[in-house]
Amino acid sequence: MKFSVLNIFILIITLIKVDFYISQDFHYSMIEMSPLNLNPALTGWYGSDARISAHQRSQWGSVSVPFNTMSFSVDSKNKRIPLGLQINQDKAGDSKFNTFQANISSAYSFYGDTIQNIRFGIQMGLTNRSFDINPLSFDAQYNGLNYDSNLPNMETISNNSNLYPNINLGLLYSRLFRKNQKLTTNFAFFNLNRSNQSFFGETSPLDVKFISRIEYEIQLKKFIGIKPSILFLKQGAHKELVVGFEGTYTSTSFMEFKRSYWASVYYRNHDALFISTGILHDQWKLGISYDINLSKLIPASRHRGGFEIGLIYFFKRKLNLESPLLICPDYL
C-alpha cells in the first residue's frame, strides 16, 4: 500500500486532533443558542414562561468520520426555583467514541432590581463515555501482504464504558447602563468534582473547565443594535479565546411580539473564523453557523470546518387582546 506525503501528514494531524478532542469537552460556536451548556445560572433566565432548546453540530467531515454533537434542554421560569433539564450527546471518530450526558440545573437571583442582577446556578448529572473497537484497524489484521478486516484484532479490552457524575456551578451578572446599553457577564465552572474518566482502572481525572463570556449590548437606533462579546475557555492545557460581534435588526416589536434578524462574525484564536445568522420570530429563534477552518488542518480540511444549527422555542402565556364582552341588563 502506497502513501503520499500528504496522506501521511493528514493521518498524523487527524490522530493528534482526535486525541485532543477526546481529552476535552465538546463545544459549540453558537454557545448562546445552548444556554445551559454556557452557564447553569442561565436556567430560567429569559422573558417567557418556559424554553425548549435543540442544537446540532457536525465537524471534521472533510478530514475523517464526522464528529457529531447534539444537545436538548428544557427549562422553566419559576420565581422561586427555576428548573432545567439538559441532555448532550457527542459521537466522534471511527471508534464512535460516544459521550452521553444528562444534567439537571437550577438558579437563584440573590440580588436584583431594575438596573442590575446577580444570579447563581448549579448543575448536576451523570456522564457515560463508551467506544467500539470493531471499526478500528490493528497491526494483527495485516496478513503479510495487505490489511484484512476479517482477521481478529487480538485486542482484549474488558471495559469500553465509563459512568461518572459531574457537578457544575455558574454565576451571572447583568447591568443596564442608560436606557440603551446592557452588560452581561457569565462565569461558569464545569467538572468541579474531577471524575475519573479512565476505562482501564487508572487515574485520569477530568480537568475542570472554566468559561467566561462577556457581552455588551448597545441599541444604536430604534431598530438597530450591536453586541460585541468575548469568550474565554480553559480546560487543562487547552485555552480558547473567541472575539467578535453580533448585529441585530428589529422589524417588529409590540408587547410580546417581536421579529428580528441577526448576523455575527467571530474569530477563535488559531483555529477558525465562524459566521452565524438567524431570526427571532415571536416565540421561535433559529440560528445557523459555519466554521471556516484556519488551523494546521487546512491541508486536509481545505478551510472546511463545522456546521451548526440551533432552535429555541419560548412558551408564553396567551394574551387576550380582544375587548371584553359586556352584557347590558334588559330593563324592558
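The sequence shown lines up with residues 80 to 411 when you count with this note's numbering.
The C-beta atom is built at its ideal place from N, Cα and C for all residues, glycine as well.
Being a predicted model, the structure only gives us computed values, none of them experimental.
In the three-state DSSP reduction, proline 114 falls in the helix class (H, G or I).
Of all C-beta pairs linking the stretch 185-192 to the stretch 156-174, three or more are shorter than 8 Å, placing the two stretches in contact.
Listed in chain order, the non-local C-beta contacts of threonine 329 below 6 Å within the same chain comprise Phe302, Ser339, local neighbours out to five positions each way being set aside.
Nearest to threonine 327 by alpha-carbon distance, out of Glu319, Pro307, Lys313, is Pro307.
DSSP lists no beta-bridge partner residue for proline 161. In the DSSP assignment, arginine 273 falls outside any beta strand (DSSP E), carrying neither H nor E.
When DSSP reads this structure, asparagine 177 sits in a beta bridge with Lys170, Ser209. Excluding residues up to 5 positions away in sequence, Ala120, Ala186, Ser188, Leu251 lie with their Cβ nearer than 6 Å to the Cβ of arginine 198 in the same chain. Here serine 283 has Asn275, Gln276, Ser277 as same chain residues with Cβ atoms under 7 Å from its own Cβ, once five neighbours each way along the sequence are excluded. For the pair asparagine 348 and isoleucine 131, the Cα-to-Cα distance works out to about 31 Å.
The alpha-carbon separation between lysine 156 and isoleucine 290 amounts to approximately 23 Å. Around the beta carbon of leucine 224, fewer than 16 other beta carbons sit within 10 angstroms, so the residue counts as exposed. Along the stretch 267-329, the beta strand (DSSP E) occurs as fully enclosed runs of 3 or more residues at 288-298, 303-314, listed in sequence order. The C-alpha of aspartate 169 lies about 42 Å from the C-alpha of arginine 257. Boundaries of the beta strand (DSSP E) harbouring alanine 133: 129-138, taken from the DSSP string. Boundaries of the beta strand (DSSP E) harbouring alanine 342: 336-347, taken from the DSSP string. For leucine 352, the beta-bridge partners assigned by DSSP are Tyr346, Ile371.
Excluding its 5 nearest sequence neighbours in each direction, aspartate 286 has C-beta neighbours in its own chain below 6 Å: Gln314, Gly315, listed in chain order.
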